[in-house]
Structure formats: C-alpha cells, structure tokens
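Asks: Residue numbers for the sequence shown follow the working numbering, beginning at 2 and rising by one.
For glycine and all other residues, C-beta sits at the position ideal for the given N, C-alpha and C.
These figures come from a predicted structure and were not determined experimentally.
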Amino acid sequence: MSAINDSKTSAGTQKPSFRTPDAQGYYGKFGGAYIPEMLHRNVEELRTRYLEIMHSPAFKKEYQNLLRDYVGRPTPLYLARRLSAQYHTEIFLKREDLCHTGAHKVNNTVGQILLAERLGKRRIIAETGAGQHGVATATVCALKGLECIVFMGEKDIARQAPNVARMKMLGAKVIPATSGSKTLKDATNEAIRDWINNPNDTHYIIGSVVGPHPYPDMVARFQSVISEEIRTQLKRETGEELPTHVIACVGGGSNAAGAFYHFLDEESVELIAVEAAGHGLTSGMSAATTQLGRPGVLHGSKSLVMQTADGQVVEPHSISAGLDYPGIGPLHAHLYESGRATFLNATDEEALRAAFGLAKLEGIIPALESAHALAALDQLSLNEKDRVVICLSGRGDKDLATYMHAMEGGL
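1. Could you pull the start and end residues of the alpha helix (DSSP H) that Glu-363 belongs to?
2. With C-beta atoms as the reference, is Phe-93 less than 8 angstroms away from Leu-265?
3. Measure the C-alpha to C-alpha separation of Val-107 and Thr-348 and round it to an integer number of angstroms.
4. Quick check on Ile-320: does DSSP put it in helix, strand or coil?
5. Assuming Gly-395 contacts Glu-370 (C-beta within less than 8 angstroms), just tell me the rounded distance between them.
6. Do Glu-276 and Ala-288 have their C-beta atoms within less than 8 angstroms of each other?
7. Run through DSSP, which three-state label would Arg-20 get?
8. Taking the beta strand (DSSP E) that Tyr-79 belongs to, which residues open and close that run?
9. Output the residue ranges of the alpha helix (DSSP H) runs that lie fully inside the stretch 142-166 and measure 4 residues or longer, sorted by chain position.
10. Taking the straight line between their C-alpha atoms, what separation do you get for His-214 and Gln-87?
11. Which two residues bound the contiguous alpha helix (DSSP H) that contains Arg-50?
12. Across the stretch 228-237 and the stretch 72-83, are there enough close Cβ pairs to call them in contact, namely three or more that are closer than 8 angstroms?
13. Determine the burial state of Glu-413: buried for a count of at least 16 other Cβ atoms within 10 Å of its Cβ, exposed for fewer.
14. Note down, in chain order, each residue of its chain lying with its Cβ closer than 6 angstroms to the Cβ of Ala-139, except the 5 sequence neighbours on either side.
15. Verify whether the separation of the beta carbon atoms of Ala-127 and Gly-135 is less than 8 angstroms.
16. Quick one: residues in its chain with C-beta nearer than 6 angstroms to the C-beta of Ile-391, no 5 flanking neighbours on either side, listed in chain order?
17. Closest by CA to Asp-187, which one among Gly-154, His-204, Gln-161 and Ala-159?
18. For the pair the stretch 250-257 and the stretch 205-212, tell me if three or more CB-CB distances fall below 8 angstroms.
19. Determine the direct distance from the alpha carbon of Leu-185 to that of Ala-166, and round the result to whole angstroms.
20. If you draw a straight line from the C-alpha of Asp-157 to the C-alpha of Leu-305, how long is it?
21. Select from Leu-84, Gln-308, Gly-364 and Asn-43 the residue whose C-alpha is nearest the C-alpha of Gly-121.
22. Please list the terminal residues of the continuous beta strand (DSSP E) segment that includes Phe-264.
23. Per DSSP, which residues does Tyr-28 bridge with? Please list them.
24. Do Ile-366 and Gly-397 have their C-beta atoms closer together than 8 angstroms?
25. For a test of the three-state rule: what should DSSP assign to Asn-6, helix, strand or coil?
26. Quick check for students: name the residue ranges of the beta strand (DSSP E) that lie wholly in the stretch 78-137, counting only runs of 3 or more.
27. Can you tell which of Asn-190, Leu-324 and Leu-116 has the C-alpha that lies nearest to the C-alpha of Val-251?
28. Over what stretch of residues does the beta strand (DSSP E) that includes Ser-339 continue unbroken?
29. Under 6 angstroms Cβ to Cβ from Tyr-404, same chain only, skipping five residues before and after it: list those, please.
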C-alpha cells in the first residue's frame, strides 16, 4: 500500500502536502491532541509508534493480505452508464459497499486491530453511528479473538437494528448512550470515558478521521487504499488516472479522506465533500458543520464544531446516522478553509430521492450516507468530457426500514 509507505509526518523533510499533518498533528490550524491526563500515555504511545508499526514489513504484508483475502479488495470501479446518461457525463462508482461488512469502515478496523495486537492490547472499544463501524470492529475482534465493546446512541440502536444484531452475533457487547441526542456524538463521549477508565489494556478504534492526533492521520492512511485503487483502475478503464471530480459524503469524514487522499495534491482534481443538511440549513435540524460551525475542540482535536455562542455543542440532525455528527475531521476543516475542497450539502429528502434514483437506474441500493454524495450531482454543472468518481461508501441494507417508511409516504 503506497499510503502506508508515505514518509513520516513528523520528520519535516517532505514538501508541504495536504495529506499529512505537522509534528503536532495539525492540518493548518486544525487538529492537535486535546486530551485528559489519563489518556496521555495511550495517545503518546500511538503517536510515537504508529508509523513505525505501519511501515514494518510484517505489518504491511499481513494488512495487505487481509485486505485482499478477507475484505475483498480491490473493490470495483463501476461505470454507471444509465446514471451517466442522465447527467450527460461519465460517472464511476467506487464500490466500497462491496467490502466485507458492507462499507469502507473495515479498511480501517483491519489496520487498527493489527496495530492493537502489536501494542499488546486485548480489549477493544469503538463508537458507532450507523452501525457500520461497529460491525467492522466486531468483525475484526472476532477474527482476532479480542474482547469488543461498542458504544452506540440509543436513538441509533433503534433505527439501525440490523447492525446491532450483527454486532451481537459477532460477539460484541453493545452499550447504549442515553445522554444528549443519543446519537454518534454521545456514543463517542461514552467511548472516551471508558478509555479513560481502562487505559492500560484497551485500544480505542476510532471510526473516522476525528479524535486526537494521530487518529486523523492514521485513519486517513488506512482508508487511502480507496483513492490508490481509483487511480489504478481509472487508468486501466480510461487511459487517464486522474478524474475531474471526486465526490464523497462527509460526517467525520473517513470515506472522503480515503477517496480524496491520493488526489489531494493534484490541483486539477475537484474534490467535493457533501454534508448532511437534514431538514435544511436554517431549520435548526442539520449536520452541515462547515456551514453552521466555527472553530472549537470536540473529542480530542480542534476543528469546526456546531456550537452555541458560549461553546455548547449544538445537537445535529440527519436522516443518516453516520452523518449525524456536530463536527468534522480536522483534515476536512483545513480543506474547507483553504478552499482545496468544495463543501456542498444535501437534505434528508434530497438524499432519499438520490437513493431511490440510483436503485432504479443501476440496481444498486446505497447507504443513506452515500446517497448524500449522489445528491450532489444535481448541484454541479457537468459536461460530457468530465470523469466523475463517487465514493459509494456503503450499502443500503441497514437503511431499509427508513426506505420502507419513505415509500409508505409516497416517495
């Protein structure tokens, strides 16, 4: 994996790149590690050892073998002909929905479980919103025979029941978060509290490019296999390895970080991140952090955060549990502020319509998260010479209850 072979982020010897943070874990003015003293040892151990471990030949061999033989990589880059015809351009779907467990999340959990083993950790905790990261964590814990505890908002447990059942079947203990909005933010809070209370034997597998350094960089590296494959596959399919546009949904932002990673320094490639507008930007029920947030600290790093004037976190809303988060990863905050990426948003209704559209045009039912990325097509001015890649981050099995409800409502 070329992503794992990148030069070290803390060496200060490589030319400036959007890919990597500085020695303190900052992308521009966003990032860092804002943590309680009880977590200093664990986070510092990760910071000083993650690149050394990831660069080791034994790690790379095991990781690559598992991606190939267990996860099912490379995932296809599919030319969606009927969707392309509708928008009079060339649209490719990067089929992360075909990964084992049904989403991109497993790229990261496979890497982090191998890291945890090498750090001597036998107890694994995770947070989850839509449940895909929880399933992916439970899966690799079962693979390696490690204890697994997943924190999930009580609201998300109700709306993502199939994934809760999968986690339990895989041997994980699912603990509900009953505070706040009872969604992803609150599950993350509970996971951090657990880690504080169990610092010695526990590794926290964060599921997105959020949290204290080195998590944003580490997760982005594991997910960068997505863009690495896109370049190779696009070259084979079209003769050109660079698309004109890469589109991905963003909550915390791990699938977008992976889809953007190997194009971050390619200025000809337009990067488009799509946030969840919920009921609308001015409705008070949204999760469009770049539009509604301002700089602040959330879950261990400085980024853009939806908050009140006195710094209290504003409860987000999205029909998609994986985007129902009041912050964004520091890499994405930097991409937004610097103008390197364009940030759009899609409402719940727009995401639903995009999901039904893809199902009827291409026979693919996407996750509601991915449907937000698809909805952005209606906001772009594309032409027949464009080559658009959309990261289809997950499949829609987990969202069937929501889709059924929408159909009952006449959608």
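Replies: Reading off the structure:
1. 349-363
2. no
3. 27 angstroms
4. coil
5. 6 angstroms
6. yes
7. coil
8. 78-80
9. 155-160
10. 42 angstroms
11. 41-56
12. yes
13. As displayed, the chain neither begins before 2 nor continues past 412, which places residue 413 out of reach and without an answer.
14. Cys-149, Met-168, Leu-171 and Ala-173
15. yes
16. Leu-94, Ile-248 and Ala-374
17. Gly-154
18. yes
19. 18 angstroms
20. 23 angstroms
21. Asn-43
22. Phe-264 -> no beta strand (DSSP E), and no H or E assigned at all.
23. Phe-31
24. yes
25. Unreliable positioning characterises Asn-6 in this predicted model, as indicated by a pLDDT of 45, which lies under 50. A coordinate reading is not provided.
26. 78-80, 91-96 and 124-129
27. Leu-324
28. Not the beta strand (DSSP E): Ser-339 falls in the alpha helix (DSSP H), residues 331-339.
29. none
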